[in-house]
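Residue numbers (this note's numbering): 24 to 533. Ideal Cβ placement from N, Cα and C applies to all residues, glycine included. Nothing here was measured: the structure is a model prediction, and the numbers come from that model. Written below as structure tokens is the structure these notes are about.
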RNA sequence: GGCCCGUUGGUCAAGGGGUUAAGACGCCUCUCUUUCACGGAGGAAUCACGAGUUCGAUUCUCGUACGGGCUACCA
């Protein structure tokens with residue numbers, strides 16, 4: 024494939040806060056598509072709204088992509104031949120195209136103030152039309168270069184009067200587009216309003232910027248959320264009016280991710296309300312200082328997060344649900360993306376993580392587990408030991424932090440023993456058994472789970488006590504509670520001396 | 001209100017004119033394990049509705065209902 028027809032996609036977030044799973048899924052689909060076709064994945068920062076700009080959000084977005092291993096081929100930090108990749112730094116580019124549109128009669132200057140606009144909306148509001156739009160039916164009633172005398176317009180502009188440039192949407196024309204997911208979608212332009220293209224501050228709106236930049240950056244396939252579908256005719260019109268129709272990218276409007284309960288698209292609030300993450304990573308709002316927890320910090324593996332994201336609205340047609348990034352790159356197809364929105368299910372998300380923890384080797388899990396333990400003040404230097412422990416417990420950890428609860432007793436004796444389950448059945452005979460058991464295991468010789476178990480069972484048989492009656496007490500002495508991997512494995516790992524110590528302490532406590 | 005997009009169990013979903021309508025999550029039962037999980041075996045539960053086309057519609061068409069999105073000098 025030559026460079027001229029190379030597939031180029033872009034993820035174009037606006038840096039206004041945390042990156043939620045919908046955004047991350049858009050990145051993922053872009054990334055998969057690019058990699059599958061050996062194309063270019065561009066990151067473009069859409070920071071045209073100065074009011075909503077949040078410092079740090081761009082770095083945060085980069086970090087999220089980094090976590091998931093989806094590195095842009097071009098972008099503000101990587102550079103590239105079509106930069107700059109921040110729209111705020113491209114401000115000067117947009118004006119000329121807006122002016123070009125005005126010259127061609129496809130756009131016009133509008134001088135209406137916010138108050139004018141508000142008054143218009145109130146004045147023309149009826150039961151049939153509760154939200155009047157600045158469109159073909161109303162534009163001749165407003166203050167713009169269509170209604171004002173050319174000399175007046177010229178004078179207003181020269182005097183620096185605040186104004187915007189609006190697209191002049193034709194009346195009663197059919198505008199259609201082919202969507203890769205939905206097929207043909209048609210609109211009658213009479214329903215489309217004269218969207219602002221260039222704002223009073225000289226910044227473009229999304230509508231102008233997305234078209235200009237997609238053209239200039241040679242984007243071939245444009246993926247975005249379904250919420251953009253209604254404004255797609257504006258974009259199609261712009262591609263046409265700018266004379267770039269042949270270069271228009273193929274569109275794919277992705278289904279929305281919905282709230283698990285009730286209705287509407289998923290928002291950060293739902294996560295707060297229902298107790299699950301919505302953002303990829305922890306996000307601290309620099310203004311309020313509020314911390315919103317992310318999937319990563321709550322203990323999700325990047326592999327699981329990606330896998331979960333991919334299955335939200337896509338499948339390969341088989342019943343396979345577990346995919347590596349490489350498999351996804353190979354198997355992804357935009358045609359198999361669902362049309363309907365999917366309700367987010369946190370239980371299922373956790374299931375993916377659990378599956379990935381089970382699937383990954385102790386060695387691969389080790390860095391994450393080390394981090395978890397270090398946070399809790401446990402530093403492990405013996406890698407082989409740690410891997411052995413991880414192998415023992417990983418099947419019972421759903422989220423990474425659970426590795427702490429599942430492994431802490433390997434490193435330190437339980438501080439408190441939960442004795443309720445065994446106290447009532449505790450007896451002098453059992454105490455004597457454990458005293459003897461300690462004596463027996465202290466004699467030199469090999470030490471592993473099998474040894475610990477056979478000594479235990481032989482002694483129990485000798486004393487005519489059912490081994491089952493003894494195992495739970497042993498577990499509680501070693502672990503402190505009724506959970507964890509097989510008890511003799513634990514004894515084996517912590518060693519005979521520590522086992523003896525804990526048993527002796529346990530006998531005291533009971 | 002208008003425009004646009006959707007609709008297979010509670011959730012994610014496969015399928016697509018004739019099927020016992022896959023599979024997964026969750027839930028329940030049993031089993032393994034004298035811990036907790038994992039694993040294994042089962043179970044309950046679905047084609048929104050109405051017309052039409054057809055020998056036959058969950059599948060095609062049209063309506064309706066319902067859900068969603070948009071309707072900003074936000075993206």
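task = From the DSSP output, read off the bridge partner residues of residue 102.
result = Under DSSP, residue 102 forms a beta bridge with 98.
query = Does DSSP put residue 439 in a helix, a strand or coil?
reply = The answer is coil: DSSP assigns residue 439 none of H, G, I, E or B.
task = Could you have a look at residue 171 and say whether DSSP puts it in helix, strand or coil?
result = DSSP, reduced to helix, strand and coil, places residue 171 outside both helices and strands of the structure shown, so it counts as coil.
inquiry  = For residue 484 and residue 476, I'd like the C-alpha separation in whole angstroms.
reply    = Distance between residue 484 and residue 476, taken at the CA atoms: about 12 Å.
inquiry  = Which residue marks the beginning of the beta strand (DSSP E) containing residue 131, and which one marks its end?
reply    = Following the DSSP letters along the chain, one finds residue 131 inside the beta strand (DSSP E) bounded by residues 130-133.
message = I need the straight-line Cα distance from residue 112 to residue 172, nearest angstrom please.
response = Looking at the two C-alpha atoms, the distance is approximately 34 Å.
ask   = Under a three-way DSSP split, which group does residue 179 fall into?
value = Helix at residue 179.
ask   = Sorted by chain position, which residues of the same chain lie with C-beta nearer than 6 Å to residue 364's C-beta, five sequence neighbours on each side aside?
value = Taking residue 364 as the centre and dropping the five residues before and after it, the same chain places the C-beta of 278, 279 and 281 closer than 6 Å to its C-beta, in chain order.
ask   = What are the boundary residues of the beta strand (DSSP E) that includes residue 202?
value = Boundaries of the beta strand (DSSP E) harbouring residue 202: 197-202, taken from the DSSP string.
key: Where residue 47 falls, given that 16 or more other Cβ within 10 Å makes a residue buried   = Result: buried.
request  = Compute the distance between the beta-carbons of residue 7 and residue 32, then report whether it is under 9 Å.
outcome  = One cannot answer for residue 7 here, as it falls past the ends of the chain, which runs 24 to 533.
inquiry  = Rounding to the nearest angstrom, what Cα-Cα distance links residue 24 and residue 61 in this structure?
reply    = Any reading at residue 24 must be qualified, since the residue scores a pLDDT of 43, below 50, and its modelled position is unreliable; the value itself is stated next. Going from the Cα of residue 24 to the Cα of residue 61 covers about 9 Å.
inquiry  = Taking a contact to mean a Cβ-Cβ separation below 9 Å, would you say residue 49 touches residue 34 in this structure?
reply    = Between residue 49 and residue 34, the C-beta gap is smaller than 9 Å, which places the two residues in contact.
query = residue 221: which of 305, 459, 190 and 214 sits nearest, CA to CA?
reply = Distance from the Cα of residue 221 is smallest, within the candidate group 305, 459, 190 and 214, for 190.
message = Once the 5 residues before and after residue 332 are set aside, which same chain residues still bring their CB inside 8 Å of it?
response = Shown here for residue 332: same chain residues with a beta carbon closer than 8 Å to its own, the five before and five after excluded, namely 44, 47, 48 and 51 in chain order.
task = May I ask which residues mark the beginning and end of the alpha helix (DSSP H) holding residue 531?
result = Residues 519-532.
Residues sharing a beta bridge with residue 276, DSSP = Answer is 247.
Start and end residues, beta strand (DSSP E) containing residue 534 = The requested residue 534 does not occur in the structure, where the chain is confined to residues 24 to 533.
inquiry  = Going by C-alpha to C-alpha distance, which of 241, 307 and 296 sits closest to residue 103?
reply    = Of the listed residues, the one whose Cα sits closest to residue 103 is 241.
request  = Can you tell me the Cβ-Cβ gap for residue 158 and residue 110, rounded? I've got them flagged as a contact below 8 Å.
outcome  = Under the criterion of beta carbons closer than 8 Å, residue 158 and residue 110 do not qualify as touching, at roughly 26 Å.
Spatial neighbours of residue 447 in its chain, beta-carbon cut-off 8 Å, leaving aside the 5 residues before and after = Here the set comprises nothing.
query = Roughly how many angstroms separate the alpha carbons of residue 314 and residue 427, rounded to a whole number?
reply = Cα atoms of residue 314 and residue 427: separation of roughly 23 Å, rounded to the nearest angstrom.
ask   = beta strand (DSSP E) containing residue 221: first to last residue?
value = Where residue 221 is concerned, the enclosing beta strand (DSSP E) stretches over 219-221.
key: Those runs of the alpha helix (DSSP H) which lie wholly inside the stretch 135-167 and span at least 4 residues   = When DSSP assignments are scanned along the stretch 135-167, the uninterrupted stretches of alpha helix (DSSP H) that are 4 or more residues long and fall wholly within it turn out to be 137-146.
key: Close beta carbons around residue 265, own chain, < 8 Å, minus the five adjacent residues each side   = Within the same chain, residue 265 has close Cβ partners 120, 123, 124, 234, 235 and 238.
message = Give me, in chain order, the residues of the same chain whose beta-carbon lies closer than 6 Å to that of residue 430; leave out the 5 immediate sequence neighbours on both sides.
response = 412 and 416, listed in sequence order.
inquiry  = If you measure between the beta carbons of residue 330 and residue 347, is that distance less than 9 Å?
reply    = With contacts defined as CB atoms closer than 9 Å, residue 330 and residue 347 qualify as a contacting pair.
key: Endpoints, the beta strand (DSSP E) within which residue 488 is located   = Where residue 488 is concerned, there is no enclosing beta strand (DSSP E), because DSSP gives it neither an H nor an E.
request  = Ignore the nearest five residues each way along the sequence and tell me which others in residue 320's own chain have a CB closer than 6 Å to its CB.
outcome  = So the qualifying residues of the chain are 305.
request  = Reducing DSSP to helix, strand and coil, say where residue 78 ends up.
outcome  = When secondary structure is reduced to three states using DSSP, residue 78 falls in the coil class, being assigned neither helix nor strand.
inquiry  = Below 8 Å on the Cβ atoms is my contact criterion, and I expect residue 506 with residue 479 to pass it. Report the Cβ-Cβ distance as a whole number of Å.
reply    = Not confirmed; about 19 Å, so no contact.
inquiry  = Along the chain, where does the alpha helix (DSSP H) containing residue 63 start, and where does it finish?
reply    = Following the DSSP letters along the chain, one finds residue 63 in no alpha helix (DSSP H) but inside the beta strand (DSSP E) bounded by residues 63-66.
query = For residue 303 versus residue 41, is the C-beta distance shorter than 9 Å?
reply = Going by C-beta atoms, residue 303 is nearer than 9 Å to residue 41.
ask   = What first and last residue would you give for the alpha helix (DSSP H) that runs through residue 34?
value = Per DSSP, residue 34 lies in no alpha helix (DSSP H); the unbroken beta strand (DSSP E) holding it starts and ends at 31-34.
ask   = Secondary structure at residue 43, three-state DSSP: helix, strand or coil?
value = DSSP places residue 43 in strand when its eight states are reduced to three.
query = Assuming residue 517 contacts residue 442 under a Cβ cut-off of 8 Å, what Cβ separation, rounded to an integer in Å, is found between them?
reply = Between the beta-carbon of residue 517 and that of residue 442 there is about 20 Å, and that puts the pair past the 8 Å contact cut.
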